[in-house]
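Each protein sequence line maps, in turn, to chains A and G.
If you're matching positions, the first sequence starts at 0 in numbering that gives the first Met the number 0 and goes up one per residue.
If you're matching positions, the second sequence starts at 0 in numbering that gives the first Met the number 0 and goes up one per residue.
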Amino acid sequence: MSKLSIVSGIFLIIISLSALFAPWIAPYSYDLQNPDELLQSPDLNHIMGTDRLGRDLFSRILYGARMSISVGIFTALSALIIGTIYGAISGYIGGRIDNFMMRIIDVVYSLPDLLLIILITVIIGRGWVSIFLALSLVSWVTVARLIRGEVLRLKEMHFIESVKALGANHERILFIHILPNTLGLLIVTLTFRCAAAILAESTLSFIGLGLAPPFASWGTLANDGWGAIKFYPHLTIFPGSAILITMLAFNFLGDGLRDALDPHKRI
Amino acid sequence: MLLFIFKRFLWGIPVLLTVATLTFGIMHIVPGGPFDREKKLPPEIKANVEAKYHLNEPVHKQYILYLYGIIKGDLGPSYKYLGRDVRDIIKDTFPVSIQLGVLALFISIILGIGTGIISGIKSDTWWDKVTILFATTGISLPNFILGIILILLFSHFYKILPPALWEGWRYMILPSITLGFAPASYIARLTRSSVIDVMNKDYIRTARAKGLRGRNIILKHVLKNSIMPVITILGPITAALVTGSFIVEYIFSIPGMGRFFVTAVTNRDYPLIMGVTLIYTVIIVLANVIVDILYTFLDPRVKLE
């Protein structure tokens, strides 16, 4: 793996840990308002400054990491589980059922993710759970396609034929012999799905359709500062940089993992 | 050929029907009717209003009326902008969004294919490395972050370009770059790998061996063959431009359809949400059909079925 992807991996671990332990690391509480210190630029007390209610931006970004990263990881995991089951069944059974299952995917796939997510959140309301549900409902499709392709490929390999000749049943072939071979692809997909989910969540929150206050993800924070970007740019720059760096790290890590685990799939 | 085009268009119908049904379903699932006010309307007036919009009919009949309305181009009244039809709002805002979308598509194709080809031909030079760096960043860079960066840099720091609105060519530069950068990166990456792929093919070696000039080889053989994979992703790219447009229009306060879509969602203005969603779906379905047709035209190996 390249140095860049290892550094990215370490960075992501640090970010996740500090999100997990935010209450112990953050110098202030995320909702502590201080009327004497409104809209301060970064200084020694508040290394990223304060917002219009006098809340410490660094603490809010640490707490925001909890929202952003948890949405990313949980969505990616659920998309992976649903997508793997669906894709494996579709690819393994094949024939008409496969055809039908793929047509469903085609319909979902032909619409842009963000549009579908917005429509789903219109039905089920705003909040962490609805964003998680909406993102999972949309992103399993990509995983299902990838896994189906991989299962289709593996199913024709000689070692599967020999296992069949040895008298293994379908469950054994699928769970012991085919799925473990997709592990590399799964790990790479997980990384990219995480990045995609964090991107979608922060975008939604930035245009004001994401999490509702007082909870704030990085997207919400960036949006909060957006109205006053001319006078208080730090309110947008810090959360924006947090999103940018995390996205870059996920993508570098994903590229590195793909080269390491799945050398044929290089684009 | 005509039959193929016709058939391809027919394929779009199930997608459109699914979306129309979905949108109809959403309007009926969500609580709260369009004419619920804090002050209750007298029952006679309410009955009259409901009769006007056919809300007193059974659901399946409403569904048929709704589909019929779509075919006629009638998308219903807006709940928020009283007295305005969804159709009127779309008519006013659609041209702006199309301008933005086409500009961004133009930028992404020219920038993407141009840089992709050069860096594919000169792979492993500094130019190639810079392109890869830009393209990788472009793919992982959320477009609202790019918008923020561009506004900070060119509107607040250097003050050369306006940060908002849509009133002339100077207003169009930042938004179209913001929208087009990510697709340009995708196209550049794809073109690059496709050029490298083609350059290693036997027929290029043959062309070289025949003594053809380098420029001729590139223009006649490499370009033609490496452009094919790029065409296939124009469908997904249109989809990306559509979703990107409502973020970019929000950031730059552009009076386009996307910004109205975002405010419609915040206001729960269901007919407007549904109308715009339908338009988006039509655009994407059309783009996919056009890409398919282009593909069969350019590559005779693709069979018409």
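All C-beta atoms, glycine included, are put in the ideal place defined by N, C-alpha and C.
Item	Value
Mind listing which residues of the stretch 228-244 of chain G have their C-beta closer than 8 Å to chain A's C-betas, in chain order?	238, 239, 241 and 242
So if I threshold CB-CB distances at 8 Å, which residues from the stretch 274-298 of chain G count as touching chain A?	276, 279, 280, 283, 284 and 287
Would you check if the distance between the CB atom of residue 234 of chain G and the CB atom of residue 194 of chain G is smaller than 8 Å?	no
Evaluate residue 157 of chain G with the Cβ neighbour count: other Cβ atoms within 10 Å of its Cβ, from every protein chain shown; 16 or more gives buried, anything less gives exposed.	exposed
So which residues on chain G does residue 250 of chain A lean against when the C-beta distance must stay under 8 Å?	135, 138 and 139
Based on Cα-Cα distance, which residue from G/15, G/82 and G/2 lies nearest to residue 282 of chain G?	G/15
If we count Cβ pairs, one from each stretch, closer than 8 Å, do we get three or more for the stretch 78-91 of chain A versus the stretch 139-151 of chain A?	yes
Considering only residues of the stretch 166-222 of chain G, which uninterrupted beta strand (DSSP E) runs meet the minimum length of 3 residues and lie entirely inside it, listed in chain order?	none
Just tell me which of A/151, A/134 and A/197 has its CA closest to the CA of residue 15 of chain A.	A/197
Expressed to the nearest angstrom, what Euclidean distance is found between the alpha-carbon atoms of residue 273 of chain G and residue 19 of chain G?	8 Å
Interface residues of chain G around residue 229 of chain A at Cβ under 7 Å?	155
Considering only the alpha carbon of each residue, which of A/95, A/11, A/178 and A/203 lies closest to residue 245 of chain A?	A/11
Roughly how far, in whole angstroms, is the beta-carbon of residue 91 of chain A from the beta-carbon of residue 150 of chain A, given that I think they are within contact range, below 8 Å?	6 Å
Does the beta carbon of residue 246 of chain G come closer than 8 Å to any beta carbon on chain A?	yes
Please compile the residues from chain G whose C-beta is within a distance smaller than 9 Å of the C-beta of residue 198 of chain A.	139 and 141
Find the residues of chain G that neighbour residue 187 of chain A, judging by a C-beta separation of less than 7 Å, and give them in chain order.	Within chain G, no residue comes near residue 187 of chain A; the closest Cβ sits about 15 Å away, beyond 7 Å.
Alpha carbon to alpha carbon, what distance is there between residue 122 of chain A and residue 136 of chain A?	13 Å
Return the Cβ separation of residue 147 of chain G and residue 219 of chain A in integer angstroms, given the expectation that the two are a contact with Cβ distance under 8 Å.	Contact flag wrong, Cβ pair sits at about 14 Å.
Find the nearest neighbour of residue 93 of chain G within the set G/277, G/293, G/255 and G/269, judged by alpha-carbon distance.	G/255
Any beta carbon from chain G within less than 8 Å of residue 143 of chain A's own beta carbon?	no
Expressed to the nearest angstrom, what Euclidean distance is found between the alpha-carbon atoms of residue 265 of chain A and residue 67 of chain A?	At residue 265 of chain A the pLDDT is 46, less than 50, meaning the model places this residue with poor confidence; the figure from the coordinates comes in the next sentence. Approximately 28 Å between the Cα atoms of the pair.
Can you name the residues that DSSP bridges to residue 76 of chain G?	G/84
What residues of chain G sit near residue 205 of chain A, judged by a beta carbon separation below 7 Å?	143
Whole angstroms are fine: how far does the CA of residue 74 of chain A sit from the CA of residue 174 of chain A?	23 Å
Count the other CB atoms within 10 Å of the CB of residue 20 of chain A; is the residue buried (16 or more) or exposed (fewer)?	exposed
Express the C-alpha separation of residue 58 of chain G and residue 45 of chain G in angstroms, rounding to a whole number.	18 Å
Can you check whether the C-beta of residue 114 of chain G is within less than 8 Å of a C-beta belonging to chain A?	no
Report the neighbours of residue 28 of chain G on chain A: residues whose CB is nearer than 9 Å to its CB, in chain order.	122
Whole beta strand (DSSP E) runs in the stretch 0-25 of chain G with 3 or more residues, listed along the chain?	none
Since residue 49 of chain A sits in a beta bridge, which residues does DSSP pair it with?	A/55
Determine the contact status of residue 117 of chain A and residue 56 of chain A, defining contact as a CB-CB distance below 8 Å.	no
On the criterion of 16 or more Cβ atoms from any shown chain inside 10 Å, does residue 300 of chain G qualify as buried, or is it exposed?	exposed
With distances taken Cα to Cα, identify the nearest neighbour of residue 179 of chain G among G/228, G/103 and G/253.	G/103
Evaluate residue 233 of chain A with the Cβ neighbour count: other Cβ atoms within 10 Å of its Cβ, from every protein chain shown; 16 or more gives buried, anything less gives exposed.	buried
Return the chain-ordered list of same chain residues with a C-beta closer than 7 Å to the C-beta of residue 260 of chain A, the five sequence neighbours on each side being excluded.	183, 186 and 187
Write down every uninterrupted run of the beta strand (DSSP E) in the stretch 103-134 of chain A whose length is 3 residues or greater and which is fully enclosed by it, in chain order.	none
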